[in-house]
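Numbering of the sequence shown is given in the working numbering, commencing with residue -13 and proceeding in unit increments.
Where is the CB? At the ideal position from N, CA and C, for every residue including glycine.
Here's the structure, in structure tokens; my notes come after.
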Amino acid sequence: MKRKKFFFLILILFSVLCLLSSYSYYLLITNRSPYILKLVTGTADYLMKGQNISNYNINLNISPEKGVINVESDINVKFIKDRRYIIFLLNDGLKIDSIGYKKAVSNQPSAISHYRIWLINFLLLPEKIKKDDDLRINIKYEGNLRPLGFSDGYIKEKEFILRNEDLWYPMDFQGLFTLNVKGTVPVSITPALPVSIINKLTGDGKGKRFSWRPERPVTGFALMGGYFNKLSKSVNGITYTLYSPVYHNEDMEKAIDSIILCHSFFKSQFGDDGFKNLTIIITPHGYRSYNHGAGIITLSKTDFPTIAHEIAHNWWGGTVCVDLLRRKGGGGQWIAEGFAEFSSLMAIEKLHGKDALLKEIKNENFNPDKQRIIDSITTFDNLMDGEDVKINNQMVYAKGAYVLIMLREIMGEEKFMKAIRKFFSEYNYKIADSSDFQRTVERIMGNSFSWFFNPWIRGTERLDFKIKDLNSIERGGTFVTTVKVVNQGKINIFAEIDVMAITENGKEIQRVFMDENPATVVFNTKSKIKEIIADPFLKWADMERGNNIVNPKNL
-13 MKRKKFFFLI LILFSVLCLL SSYSYYLLIT NRSPYILKLV TGTADYLMKG
37 QNISNYNINL NISPEKGVIN VESDINVKFI KDRRYIIFLL NDGLKIDSIG
87 YKKAVSNQPS AISHYRIWLI NFLLLPEKIK KDDDLRINIK YEGNLRPLGF
137 SDGYIKEKEF ILRNEDLWYP MDFQGLFTLN VKGTVPVSIT PALPVSIINK
187 LTGDGKGKRF SWRPERPVTG FALMGGYFNK LSKSVNGITY TLYSPVYHNE
237 DMEKAIDSII LCHSFFKSQF GDDGFKNLTI IITPHGYRSY NHGAGIITLS
287 KTDFPTIAHE IAHNWWGGTV CVDLLRRKGG GGQWIAEGFA EFSSLMAIEK
337 LHGKDALLKE IKNENFNPDK QRIIDSITTF DNLMDGEDVK INNQMVYAKG
387 AYVLIMLREI MGEEKFMKAI RKFFSEYNYK IADSSDFQRT VERIMGNSFS
437 WFFNPWIRGT ERLDFKIKDL NSIERGGTFV TTVKVVNQGK INIFAEIDVM
487 AITENGKEIQ RVFMDENPAT VVFNTKSKIK EIIADPFLKW ADMERGNNIV
537 NPKNL
């Protein structure tokens, strides 16, 4: 009797959570509030913490002409603690036909109870599974993908794209997994997959079968097929394959050369990402580019910054992983997106020069009056539409990249890159957050860096340089000009900044250590100074640059 009451209470709790989830779905697609969604998904994430889907064997039939998929999926679940249930997320447009499971040890089939409301699926097992045991589950399902408000996957007559965000396969977001995919598509459609093996036609000759097994554990993956032009190149033992829709006019040679250049550069900077095959698909109709570290990348644009950013996700987000469902953030989204954006700027600087970097970094802007704490921003915050997501993106991408630019200035190039490589090597195939990276930096530097991470990652203070008190006199043919650089913000930087004097005959740059506020700079020039600029190369996240420049004529 007590056991029945216990399970009855569990089901009531589960039903309440699912009802909240349904309401949050309404709030999500109407852009009314992300907060209930974060609460519910965070709660689901907490409940799923005792498990980890560690392997998928997926067999699917894709029917673009009908807009449906038919899937049979064998899943291995690793139990992190003793428990009698499994929770996973699945698109509610997909109808589950059957669920069965076997213990990995006994290999005996057993009955299972399934409860479902909206995206959340609760499997009640006939017995408790012990910690470190494995369970094999077989799930058969079919249907149409229901739009979830934050995804852009679809199944159309001539092409399809299935993304993580569509929840088209059972997911628990608890870490990396191994994967084996087999499928059938219409004979006219090409599946765009790394080293995909197209075996043979189906019996009726109307379809063709394919199979794919990623080379390494992944955090997620996409499947895409359509009518493509294809270009492949092999460089240093790595095969790069680029697909572009036949209806899209694209300079594929230029795009694939940029892809190869970025990938080779990042390997030299961060270490090996473990890929021998990369497949890149141009999706001009998609609103977002995508890379979950499975060797499949989609590009909505093929400009160099976008290519570099997405390739960098092989390292940041794809190999060093983040908790995608965490309700309170923890800086994981910064580890994925901020690091990838910074990597893109690194590639621009090293491969196209400092002028190209300066041009690009001018786009890394955020409103200092509308800041949010970077550490608190979650994956769902970035998937929402509307004004909120613009602010969140500014924080994670623009400010997030700037945090690393400034940290490099403070640490110096050698120690900074040592910290980046150490972080990658220690946390590859692991979930990491901002505190993990801070500890890596502190081990390299030998002292606490809370003074830096707390205001920039866990706060919303601002930095604002101002030049004042300019004084210039001529002494024996030399113009001696003195100015003061003031940091009007509340963040101390304890580092050198550049101050540039533009004269009638050229430029002169001084570096001043901001251990005093204000700091005094003295220029000795052979010609009159026309303008003085603090931080002329935009290395510091000063978003109020109007007072960084002083012109003696305007004084």
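### Message
For serine 505, list the residues DSSP reports as bridge partners.
### Response
As a working mapping, residue 505 is identified with position 519 in the sequence shown. The sequence given here places alanine at residue 505; serine does not occur at that position. In DSSP, alanine 505 forms a bridge with Val471.
### Message
With distance defined between alpha-carbon atoms, name the residue in Arg448, Glu400, Asn457 and Phe325 nearest to serine 420.
### Response
As a working mapping, residue 420 is identified with position 434 in the sequence shown. It is Phe325 whose Cα lies nearest to the Cα of serine 420.
#### Entry: Selection from Ile417, Asn47 and Val389 that minimises the alpha carbon distance to phenylalanine 439
Taking the sequence shown and counting its residues from 1, one reaches residue 439 at position 453. The closest CA to that of phenylalanine 439, considering only Ile417, Asn47 and Val389, is found on Val389.
### Task
Can you have a look at aspartate 258 and say buried or exposed, based on whether 16 or more other CB atoms are within 10 angstroms of its CB?
As a position in the sequence shown, residue 258 is number 272, starting the count at 1. Exposed is the call here.
### Query
With tryptophan 320 and phenylalanine 252 assumed to form a contact (beta carbons below 8 Å), what rounded beta-carbon distance in angstroms separates them?
Here the question's residue 320 lines up with position 334 in the sequence shown. Here the question's residue 252 lines up with position 266 in the sequence shown. Contact check for tryptophan 320 and phenylalanine 252: beta-carbon distance about 18 Å, past the 8 Å limit, so the pair fails to qualify.
### Query
Taking the alpha carbon of valine 536 as the point to measure from, which residue in Gln160, Gly223, His271 and Pro522 has its own alpha carbon closest?
For this step, residue 536 is matched to residue 550 along the sequence shown. Looking only at Gln160, Gly223, His271 and Pro522, the smallest Cα-Cα distance to valine 536 is reached by Pro522.
### Task
Report the rounded CA-to-CA distance for asparagine 534 versus isoleucine 483, giving the unit in angstroms.
Numbered from 1 along the sequence shown, position 548 holds the residue referred to as residue 534. Numbered from 1 along the sequence shown, position 497 holds the residue referred to as residue 483. Using only the alpha carbons, I get a separation of about 12 Å.
### Query
Taking buried to mean at least 16 other C-beta atoms within 10 Å of its own C-beta, is threonine 506 buried or exposed?
By one-based count along the sequence shown, residue 506 stands at place 520. It counts as exposed.
### tryptophan 154 classed as buried or exposed, judged by whether at least 16 other C-beta atoms fall within 10 angstroms
Indexing the sequence shown from 1 puts residue 154 at position 168. Counting other Cβ atoms within 10 Å of its Cβ, tryptophan 154 reaches 16 or more and is therefore classed as buried.
### Message
Considering only DSSP beta bridges, list what alanine 487 is partnered with.
### Response
In the sequence shown, residue 487 corresponds to position 501, counting from 1. Looking at the DSSP assignment, alanine 487 forms a beta bridge with Glu494 and Ile518.
### Message
Could you give the first and the last residue of the continuous beta strand (DSSP E) run that contains arginine 202?
### Response
Taking the first residue of the sequence shown as 1, we reach residue 202 at position 216. In the DSSP assignment, arginine 202 falls outside any beta strand (DSSP E), carrying neither H nor E.
### Message
Suppose contacts are defined by Cβ-Cβ distances below 8 Å. Is glycine 211 in contact with proline 156 by that definition?
### Response
For the purposes of this step, residue 211 is identified with residue 225 of the sequence shown, where counting begins at 1. For the purposes of this step, residue 156 is identified with residue 170 of the sequence shown, where counting begins at 1. No, these two residues do not count as a Cβ contact at 8 Å.
### Task
May I ask you to verify whether the segment 113 to 122 touches the segment 58 to 73, counting CB pairs closer than 8 Å and requiring at least 3?
Cβ pair count under 8 Å is three or more, so yes.
### Query
How would you label alanine 97, buried or exposed, when you count the other beta carbons within 10 angstroms and need 16 or more for buried?
Sequence index remark: in the sequence shown, residue 97 carries index 111 (1-based). Its Cβ having fewer than 16 others within 10 Å, alanine 97 is exposed.
### Reduced DSSP secondary structure (H/G/I, E/B, other) of threonine 364
Your numbering for residue 364 matches position 378 in the sequence shown. Under the three-state reduction of DSSP, threonine 364 is assigned to coil, being neither helix nor strand.
### Query
Exposed or buried, proline 112, counting other C-beta atoms within 10 Å across all chains shown (16 or more means buried)?
Along the sequence shown, read from residue 1 onward, the residue named residue 112 stands at position 126. Residue burial annotation: proline 112 is exposed, with fewer than 16 other C-beta atoms found within 10 angstroms of its C-beta.
### Message
I need the DSSP call for serine 286, collapsed to helix, strand or coil.
### Response
In the sequence shown, counting from the first residue as 1, residue 286 sits at position 300. Under the three-state reduction of DSSP, serine 286 is assigned to coil, being neither helix nor strand.
### Query
Are there three or more Cβ pairs, one per stretch, closer than 8 Å when the segment 421 to 434 is compared with the segment 465 to 479?
No, the segment 421 to 434 does not touch the segment 465 to 479.
#### Entry: Beta carbon of methionine 238 nearer than 8 Å to that of leucine 228
Stepping through the sequence shown from its first residue, residue 238 is reached at position 252. Stepping through the sequence shown from its first residue, residue 228 is reached at position 242. A contact, by the Cβ cut-off of 8 Å.
### Query
From proline 50 to glycine 339, what does the alpha carbon distance come to, in whole angstroms?
The residue labelled residue 50 in the question sits at position 64 within the sequence shown. The residue labelled residue 339 in the question sits at position 353 within the sequence shown. Taking the straight line from one Cα to the other gives about 45 Å.
#### Entry: Same chain, Cβ closer than 7 Å to threonine 16, neighbours up to 5 away in sequence not counted
Residue numbering aside, residue 16 sits at position 30 when the sequence shown is read from its first letter. The predicted model places threonine 16 with a pLDDT of 46, which falls under 50 and marks its position as unreliable, so this point remains unresolved.
### Task
Rounded to whole angstroms, what's the CA-CA distance from proline 270 to threonine 288? Just pull it up for me.
Locating residue 270 in the sequence shown gives position 284, counting from the first residue. Locating residue 288 in the sequence shown gives position 302, counting from the first residue. Roughly 9 Å between the two C-alpha positions.
### Task
Would you check if the distance between the CB atom of arginine 149 and the CB atom of aspartate 60 is smaller than 8 Å?
As a position in the sequence shown, residue 149 is number 163, starting the count at 1. As a position in the sequence shown, residue 60 is number 74, starting the count at 1. Their beta carbons are not under 8 Å apart, which means arginine 149 does not touch aspartate 60 by this criterion.
### Task
Mind the definition here: the segment 482 to 497 touches the segment 509 to 521 only if three or more C-beta pairs lie below 8 Å; say whether that holds.
For the pair of segments examined, the segment 482 to 497 was found to touch the segment 509 to 521: the number of CB pairs separated by less than 8 Å reaches three.
### Task
Would you give the residue range spanned by the beta strand (DSSP E) that lysine 157 belongs to?
Counted from its first residue, the sequence shown places residue 157 at position 171. It should be noted that the sequence gives methionine, not lysine, for residue 157. Per DSSP, methionine 157 lies in no beta strand (DSSP E) segment and is marked neither H nor E.
### Message
Using only CA atoms, which one of Asn56, Leu134 and Ile73 lies nearest to phenylalanine 159?
### Response
By 1-based counting over the sequence shown, the position of residue 159 is 173. Considering only alpha carbons, the answer is Ile73.
### Query
Which first and last residues belong to the beta strand (DSSP E) in which asparagine 440 is found?
Position 454 of the sequence shown, counted from the start, is the residue given in the question as residue 440. Looking at the DSSP string, asparagine 440 is not in any beta strand (DSSP E); the run it does join, the alpha helix (DSSP H), is 436 to 443.
### For cysteine 307, the residue or residues it bridges with in DSSP
Taking the sequence shown and counting its residues from 1, the one referred to as residue 307 is at position 321. When beta bridges are read from the DSSP output, cysteine 307 appears opposite Ile417.
### Query
In terms of alpha-carbon separation, which member of Gly462, Val485, Asn457 and Val466 lies closest to proline 538?
In the sequence shown, the residue the question calls residue 538 occupies position 552. The shortest Cα separation from proline 538 among Gly462, Val485, Asn457 and Val466 belongs to Asn457.
### Query
Just reading off the beta strand (DSSP E) that lysine 389 is part of, what are its end residues?
What you label residue 389 is simply residue 403 of the sequence shown in a count that begins at 1. The question names lysine, but residue 389 is valine in the sequence shown. No beta strand (DSSP E) holds valine 389; the alpha helix (DSSP H) holding it covers 386 to 397.
#### Entry: Secondary structure of valine 63, DSSP reduced to three states
Looking up residue 63 in the sequence shown gives position 77. Correct three-state label for valine 63: strand.
### Task
Pick out whichever of Phe465, Ser330 and Gln380 has its Cα sitting closest to the Cα of serine 244.
To locate residue 244, count along the sequence shown from 1; it is residue 258. When only C-alpha atoms are compared, the closest one is Ser330.
### Task
Closer than 6 Å by C-beta to phenylalanine 328: which residues in its own chain qualify, once you throw out the five before and the five after it? Chain order, please.
The residue you call residue 328 lines up with position 342 of the sequence shown. Result list for phenylalanine 328: Ala387 and Leu390, in chain order.
### Task
Please name the residue or residues paired with methionine 210 in a DSSP beta bridge.
Taking the sequence shown and counting its residues from 1, one reaches residue 210 at position 224. The bridge partners DSSP lists for methionine 210 are Ile147.
### Message
Using 8 Å as the threshold, is the C-beta distance between isoleucine 515 and threonine 467 below it?
### Response
In the sequence shown, residue 515 corresponds to position 529, counting from 1. In the sequence shown, residue 467 corresponds to position 481, counting from 1. At the C-beta level, isoleucine 515 and threonine 467 come within 8 Å of one another.
### Query
Among the residues of its own chain, which have a CB less than 6 Å from the CB of glutamate 58, if the five just before and after it don't count?
Here residue 58 corresponds to residue number 72 of the sequence shown, with the count starting at 1. Closer than 6 Å at the Cβ level, and outside the excluded window around glutamate 58, lie Asn45 and Lys126.
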